[in-house]
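For the record, in the sequence shown the residue sitting at position 242 is 277 according to our numbering, with numbers rising by one throughout. Heads up, the beta-carbon is just placed ideally off N, CA and C, and yes, glycines get one too. Everything below concerns the one structure shown next.
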Amino acid sequence: MLPRIDNALRRGSQFARLVAARFADDRCVQVAGNLTFTTLLALVPLFTIALTLFAAFPMFQDWSNAFKVFLLTTLVPEVSGKVITVYMQQFSDNAGKLTAVGLIFLAVTALMLMVNIERVFNGIWRARRNRSVVQRLVMYWTTITVGPLLIGASLSLTSWLVTESMQSVSGVRGAQELLLKLLPIVLNGAAFALLYIMIPNRRVLVKDALVGGITAAVGFEVMKRGFGVYVMLFPTYDLIYGTFATIPIFLLWIYLSWLVVLLGAVVVAVLPHWRMGARQPLFGDGGALYRALRLIELLHEARLQSQTPTVSQLVARSGIPEEEVEQLLETMNAPGWARRVEPAGWVLVRDLQTLRLVELYRLLGVRSYEAQAGDGELVRAAGGLLAQVEQELDVPLGALSNGNDPANAAEPSLSQPARA
36 MLPRIDNALR RGSQFARLVA ARFADDRCVQ VAGNLTFTTL LALVPLFTIA
86 LTLFAAFPMF QDWSNAFKVF LLTTLVPEVS GKVITVYMQQ FSDNAGKLTA
136 VGLIFLAVTA LMLMVNIERV FNGIWRARRN RSVVQRLVMY WTTITVGPLL
186 IGASLSLTSW LVTESMQSVS GVRGAQELLL KLLPIVLNGA AFALLYIMIP
236 NRRVLVKDAL VGGITAAVGF EVMKRGFGVY VMLFPTYDLI YGTFATIPIF
286 LLWIYLSWLV VLLGAVVVAV LPHWRMGARQ PLFGDGGALY RALRLIELLH
336 EARLQSQTPT VSQLVARSGI PEEEVEQLLE TMNAPGWARR VEPAGWVLVR
386 DLQTLRLVEL YRLLGVRSYE AQAGDGELVR AAGGLLAQVE QELDVPLGAL
436 SNGNDPANAA EPSLSQPARA
């Protein structure tokens, strides 16, 4: 029992370090500030588009009311909720009076936020390729228009389910309170998970998105309670800004909200790496050479079968995270070893009988060192050893088959699919 607990704590600590490192590497603290400014410009237009859509279809009136409640109870602090509601209503009433130029500006302002969010998410997921313009516009418009409809529908359905559930547990007060407390976390978690699946140009597993969504939802609940306590116990902003205190409070809320959203995104992006570290210790630090060899052999086998595997297929067969597969493929594409073929496949160009292991060794950034005048004895000795290593690696990959490489007797074939 104790070894299992120790292992779980060790794995949890490792995951926390991975998340913290990625959060810092992606400069999420600074990025949240940039997104806060963009959100400030696009927030009311986004809400106006959603509410205008609801107003255009009277059958969605109940969903519209549920959506407004969701916004005021989840996305804005209580002290700013009334102000935001007034501005949204005024802006929505005036939207019908806008000219064509005004409507275009409204749409551009809303799309500007979506573009920035996609750029940030693609950076977190290390997505190297962008969607086409048509795909991006469809995704943006779907998120802006269909998203509120789904939220309104789910809230209406959930409200009915909660009412029915409370009637069945009317005598159990604790069960009612627990249900009401868990409901916002479940709904917000599902919304965040959908966000993490749709926006990045990367294949995201549903289970990973749900973990990140629940993480962000719990973070939101903690932040709401902490923020409310802070504003109530430390009314500094009211004393300094007076009637304008709502503005800095709302700005701080948006900033903290983006920190929570980005934290959830980082959790989702890191999960595949964390799992890979648990299942394949061979691919630890410095394991890029082994990952590249696995991809080369998979591509070689596919070429023998006249196949052009996609990145997703290579990920499934190798167990390597998608972003690392793409990075290695692009690295091998630069010298012409591998080539992308339409629509989304990859093919190995070099033959294993001519591709030498030392070439791969150098391609991944390790090169021998030529001693320079003034180098110490330690540097010269290390340079000589590296030169010997390159001589040992100067063999064609085709010679490293099971019959010729004794090391393979103790290692599984690189072509075997990753174990679940």
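Practice prompt. Inspect the beta-carbon positions of Trp288 and Phe255 and report whether they are closer than 8 Å.
Written response: no
Discussion item. Let's test the definition: count the other Cβ atoms within 10 Å of the Cβ of Arg385 and tell me whether it reaches 16, buried, or not, exposed.
Written reply: buried
Discussion item. Using a 10 Å radius around the Cβ and a threshold of 16 neighbouring Cβ atoms, would you call Ile234 buried or exposed?
Written reply: buried
Worksheet item: Measuring CA to CA, which of Phe156, Leu146 and Ile159 is closest to Val168?
Response: Leu146
Worksheet item: DSSP on Arg163, reduced to helix/strand/coil?
Response: coil
Item to complete: Note down the Cα distance separating Trp309 from Phe140, rounded to an integer number of angstroms.
Response: 43 Å
Practice prompt. Can you say whether Thr178 is buried or exposed, counting buried as having 16 or more other CB atoms within 10 angstroms of its CB?
Written response: buried
Worksheet item: Cα separation between Arg45 and Val54?
Response: 14 Å
Discussion item. Can you list, in chain order, the residues of its chain with a C-beta nearer than 6 Å to that of Ile40? Leave out the 5 residues immediately preceding and following it.
Written reply: none
Item to complete: Label Phe285 either buried or exposed according to how many other C-beta atoms from any shown protein chain fall within 10 Å of its C-beta, with 16 as the threshold for buried.
Response: buried
Worksheet entry | Cutoff 6 Å; reference Cys63; Cβ partners in own chain excluding five residues on either side | Leu297
Item to complete: Would you check if there are 3 or more beta carbon pairs closer than 8 Å linking the segment 373–387 to the segment 413–428?
Response: no
Item to complete: Determine the burial state of Gly438: buried for a count of at least 16 other Cβ atoms within 10 Å of its Cβ, exposed for fewer.
Response: Note that Gly438 scores 42 on pLDDT, short of 50, meaning its location in the model is unreliable; the coordinates nonetheless yield the value given after this. Per the 10 Å Cβ criterion, exposed.
Discussion item. Going by DSSP in three states, Trp372 sits in which element: helix, strand or coil?
Written reply: coil
Worksheet item: Can the beta-carbon of Thr366 be found less than 8 Å from the beta-carbon of Pro431?
Response: no
Practice prompt. Determine the DSSP secondary structure at Thr345, reduced to helix, strand or coil.
Written response: strand
Discussion item. Tell me which residue opens and which closes the alpha helix (DSSP H) that Gly322 is part of.
Written reply: Gly322 -> no alpha helix (DSSP H), and no H or E assigned at all.
Discussion item. Considering only DSSP beta bridges, list what Trp381 is partnered with.
Written reply: Arg375
Practice prompt. Please state whether DSSP places Pro431 in a helix, a strand or coil.
Written response: strand
Worksheet item: How about the segment 64–77 and the segment 322–335: do they share at least three Cβ pairs that are nearer than 8 Å?
Response: no
Worksheet item: By how many angstroms is the C-alpha of Asp429 removed from the C-alpha of Arg391?
Response: 6 Å
Practice prompt. Could you round the C-beta distance between Ile159 and Val301 to whole angstroms and report it? I think they count as a contact, below 8 Å.
Written response: 6 Å
Worksheet item: Which value, in whole angstroms, describes the spacing of the CA atoms of Leu398 and Gly247?
Response: 35 Å
Fill in: Integer Cβ distance of Leu172 from Ala77, believed to fall under 8 Å
About 16 Å separates the two Cβ atoms, so there is no contact after all.
Fill in: Exposure of Met311, with buried meaning 16 or more beta-carbon neighbours within 10 Å
buried
Worksheet entry | Residues sharing a beta bridge with Arg391, DSSP | Pro431
Practice prompt. For Leu240, name the three-state secondary structure that DSSP assigns.
Written response: coil
Worksheet item: From Thr83 to Gly400, what distance separates their C-alpha atoms?
Response: 52 Å
Discussion item. Rounded to the nearest angstrom, what separates Val295 and Ala251 at their Cα positions?
Written reply: 6 Å
Worksheet item: His335 and Leu387: beta carbons closer than 8 Å?
Response: yes
Discussion item. Between which two residues does the alpha helix (DSSP H) holding Asp386 run?
Written reply: Asp386 -> no alpha helix (DSSP H), and no H or E assigned at all.
Fill in: Per-residue burial, Gly224 [other beta carbons within 10 Å of its own, 16 or more giving buried]
buried
Worksheet item: If you draw a straight line from the C-alpha of Val253 to the C-alpha of Ile220, how long is it?
Response: 6 Å
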